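Below is one structure, written out as structure tokens; comments come after it.
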Amino acid sequence: MSDMFLEIIELDDGQIALKRADSDDEPIMRISFSESVREQLEEECIDVAKVMLTAGIHMISDLNIKAAETEGSDFDADLDDVDSQPRVIH
């Protein structure tokens with residue numbers, strides 16, 4: 000399997016995004032900060048976004064490992080049943 004090289008970029012609209020370095024496809028993940036948070040964090044918002052994106056990458060990796068370990072289970076079927084409404088996470 001080939002390695003996937005990722006890069007963190009700032010989009011024209013101010014969002015911080017993670018994308019494949021070798022592709023012009025849509026970003027894999029995006030982070031958007033409100034204007035008040037941007038003012039509070041100043042230049043630190045890039046560092047906060049990096050930590051958030053890194054956590055997302057680790058979570059996806061863990062889910063992929065779990066799916067591989069439970070191959071043949073209903074893991075993929077569970078993903079298809081996700082409601083289109085946003086989830087509330089407490």
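Numbering-wise, the sequence shown is residues 0 to 89 according to numbering that gives the first Met the number 0. Idealized CB from N, CA, C, for every residue including glycine. Bear in mind the structure is a predicted one, so any value in this text is a computation, not a measurement.
query: Terminal residues of the beta strand (DSSP E) in which E6 lies; result: L5 to E9
query: Contacts around D24, its chain only, beta-carbon distance under 8 Å, and the 5 residues preceding and following it disregarded; result: K18
query: Burial state of L62 (16 or more Cβ within 10 Å); result: exposed
query: Collapsed DSSP secondary structure at A54 in the structure displayed; result: helix
query: Rounded separation between K65 and E34 - CA only; result: 37 Å
query: Integer Cβ distance of I30 from I15, believed to fall under 8 Å; result: 5 Å
query: Residue range of the beta strand (DSSP E) that includes I15; result: I15 to R19
query: Cutoff 7 Å; reference V47; Cβ partners in own chain excluding five residues on either side; result: L40
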